[in-house]
Structures are given as structure tokens and as C-alpha cells.
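> My questions will all concern the structure given below.
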Amino acid sequence: MPIDPAIAAKLRGVVPDIEFEMVGELIADINRLKAERNAIVLGHNYMTPDIFHGVSDLAGDSLQLARMAGETDADVIVMAGVHVMAETAKIVSPDKTVLIPTLGAGCSLAESITGADVRRLREEYPGVPVVTYVNTSAEVKAESDVCCTSSNAVGVVESLGADRVIFLPDKYLGQYVASQTDVEIILWHGTCIVHERFSAEELREYRSNTPDLDIIAHPECPPEVLAEADFVGSTSGMIAWVGEHHPRRVMMVTECSMSDNVAVEYPDVEFIRPCNLCPYMKTITLENIRASLEMMRYPVEVDPAVAVKARRAVDRMLAIGAADEPATARA
Ligand code: 13P
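If you count by the working numbering, then the sequence shown holds residues 141 to 471, one letter each, in order.
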């Protein structure tokens, strides 16, 4: 099956010419295998353009991916994202086969906290509800009252009607939420290794050297970085901002591949790219997506007792919603 001309047009100039034929073959193989297996690929906004534009049936931020995983009619979901996103997909769609193309797709936030840590926090702060970012293990979600993502964290915290909440595990996202609400936020010490590396000084330097630069940032960045930004939002919130504002020049202060993906859609916007890559997201490749569909590997399993409890927290988040833009069909 030849590569779809619409996909080829998006990837020309993004994929190096010398790799174009090989990438085209991989994309064509994956799209054939998806049809044979009644499978879909859910692609996070941080995937490289060959995955994002080439094989993702639906692409989005983590809230959108969780919702899509619960709504799809496909038998098989391949998660082109990190392992915790695949676990969330399995939690909301327990009867489907959920595959993660490599077991190397971890997350520094998920690794920062265990279920036992949450139980200890509950003992320390009796009666205080626990809001947990979706970038956590199923075990941690199962110990939580409700999950959130960066697109709805403030709304989720406020939905509880509590004076104080425990917010896990990202301290910077928690600090951002605290800056947007009167609810007292008790923090954990997790951080994202991509966003914690940005500095306010670096952003100020870009701004003073680049005329007409708009800076938009992900709320996993430290507060002094967010203070330099013109807009703060989830990955999809940032993409929507570019669509609404059509800036002359923009810097997306987040994982680097996202600018590559969005630049394809907005050739008239100049993207200034400080390139912080997520080593975990970058373990997902066209090669291992194809292998995952060929060999049905690696299936994600969640202990059913844990999954039932985790699902309560995820469903509660999905009911609150708040992603302000619809999922985007890609391939
Ligand atoms: P989003 O929900 O904004 O896509 O963020 C997910 C993530 O992992 C950011 O590092």
C-alpha cells in the first residue's frame, strides 16, 4: 500500500529526503496492520511528526487520549505515548487490548511516587482529598479521589469544594494550580525532567533577541519560567492558542517535537525551538509501533482490583472534563 499523498505532503521537508522512502513504507505497513487488526494508534502531542502525522488516528493531550481510549470501537489500542498513558487507556477500556510499543516509555513523574506514599500522606492529612495527575501508576491513581491533567487541574481541584487538597506528584503543576485558586495545595516533590530544565533567564534572553516573540508554556515548568510566558496551558491548549492567535513568532516551552508537529499545520508562523526532548516519549518509533502491531506486543495489564479503584478517579476526572478543544482526527 503506498503512503497516502496527504500524509506525504505533511512530511515532505520534515522527514529528511534520504529517509523518506523508508518512513513511507513503515507508515504504509502500520496503516495496513491497523486495518487488519481493527486497531487504532493514539498519539500524544509529543510524538515525532512521522508518528503524529503519519499513523496517529487520534492525537491529543493526555486528557483527550484518555477520553478517546474510552470511546473508540477499535479492538486494539496502540498507545504512542508513555506507559502511564497506556495504563490509563487500559483502565478506561479494560476489555480492549492495549499495547505499548516499548517497555522503555517511562515517566519521571510516575516514578516519583508510590501507592504507599499516598497512603502515608492520607494518614498525615486525614480527610484531605487527593488529586492526582494522570502521569502516575495505576496503583497511585487507585489511592486517589480524582485524577487531573494539565488542561483541567484547577477545575478538578475546585470541584471538590474543599479548603485544602493534596496534589500529586508534580510540584510545579501544583504550584501553578495554587497560583490560580484559593484552595490550599499540599504538594509532593515530583518533577518532569523536560520542563524543569527551562530557565527564566533563557526565556528572557530569547525574548530580548527575538522581535515579536510570543512565549507559551506548559504548567509543568517552574513558576519563574511561567512568569515569563504570555500563555500557560496543556499541550493541546498551546496548540489551540497558536491556531487562535496566529503569532508571527512563537516559542512553545515544552517538549521539542510538538513544535515540529504544529509547524506543519502553520507554515506562516515561525517557531523558535529550544530543544528539550523527552527521552521516554522518544523511545516510541515507527519501527516499534509496526512491531507492536505485528506481534501484538507489549500488552498492558492492570490488576483488576487496582483498575476498578483507579477507574473511579479517572472517570471522575473525565466527567469534569475541561479540555476546551475537540480531539483531532489525523490519519
Ligand atoms: P498534556 O496533558 O498537556 O499533554 O501533558 C502531558 C505531559 O506528559 C506533559 O509533560
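Where a beta carbon is used, it is the ideal one built from N, C-alpha and C, also for glycine.
When you compare the region 267 to 280 with the region 296 to 306, are there three or more beta-carbon pairs, one atom per stretch, that lie closer than 8 Å?
yes
> Measure the beta-carbon distance from A179 to V218 and round it to whole angstroms, keeping in mind my assumption that it falls under 8 Å.
For this step, residue 179 is matched to residue 39 along the sequence shown. For this step, residue 218 is matched to residue 78 along the sequence shown. At roughly 6 Å, the Cβ-Cβ gap stays under 8 Å, so A179 and V218 are in contact.
> Quick check on the burial criterion: 16 or more other C-beta atoms within 10 angstroms. Buried or exposed for G301?
Numbered from its first residue, the sequence shown carries residue 301 at position 161. Flag for G301 reads exposed.
> For E405, verify whether its CB is less than 6 Å away from any heavy atom of the ligand 13P.
The count along the sequence shown starts at 1 and reaches residue 405 at position 265. False, no ligand heavy atom lies under 6 Å from that Cβ.
> Using CA coordinates, which residue listed in I326, R260, V402, V195 is at the minimum distance from D169?
Stepping through the sequence shown from its first residue, residue 169 is reached at position 29. For D169, the nearest C-alpha among the options comes from V195.
> Can you look up E324 in the DSSP assignment and give me helix, strand or coil?
Locating residue 324 in the sequence shown gives position 184, counting from the first residue. Three-state DSSP puts E324 in a strand.
> Compute the Euclidean distance between the alpha carbons of A293 and R207, then round it to the nearest angstrom.
Position 153 of the sequence shown, counted from the first residue, corresponds to residue 293. Position 67 of the sequence shown, counted from the first residue, corresponds to residue 207. When rounded, the distance between both Cα atoms is 16 Å.
> With a threshold of 16 other CB atoms inside 10 Å of the CB of R388, please say whether the residue is buried or exposed.
In the sequence shown, counting from the first residue as 1, residue 388 sits at position 248. Exposed.
> What do you reckon, is the C-beta of T212 under 6 Å from a heavy atom of the ligand 13P?
As a first step, residue 212 must be located in the sequence shown, where it is residue number 72. No.
> Quick check on DSSP: helix, strand or coil for L182?
One-based indexing of the sequence shown puts residue 182 at position 42. For L182, the three-state secondary structure derived from DSSP is strand.
> Helix or strand or just coil, what does DSSP make of Y273?
As a working note, residue 273 is residue 133 in the sequence shown. The answer is strand: DSSP assigns Y273 an E or B state.
> So is the beta-carbon of D201 under 6 Å away from any non-hydrogen atom of the ligand 13P?
The residue you call residue 201 lines up with position 61 of the sequence shown. Checking every heavy atom of the ligand 13P against the Cβ of D201, one is found closer than 6 Å.
> How about V286 and M457: do their beta carbons lie closer than 7 Å?
Locating residue 286 in the sequence shown gives position 146, counting from the first residue. Locating residue 457 in the sequence shown gives position 317, counting from the first residue. Against a cut-off of 7 Å, the Cβ pair of M457 and V286 comes out as a contact.
> What's the gap between the Cα of K422 and the Cα of A245?
Along the sequence shown, one-based indexing puts residue 422 at 282. Along the sequence shown, one-based indexing puts residue 245 at 105. The straight-line gap separating the alpha-carbon atoms of K422 and A245 is approximately 8 Å.
> Taking 6 Å as the cut-off, is the beta-carbon of C415 closer than that to any non-hydrogen atom of the ligand 13P?
Position 275 of the sequence shown, counted from the start, is the residue given in the question as residue 415. No, Cβ of C415 sits at least 6 Å from all heavy atoms of the ligand 13P.
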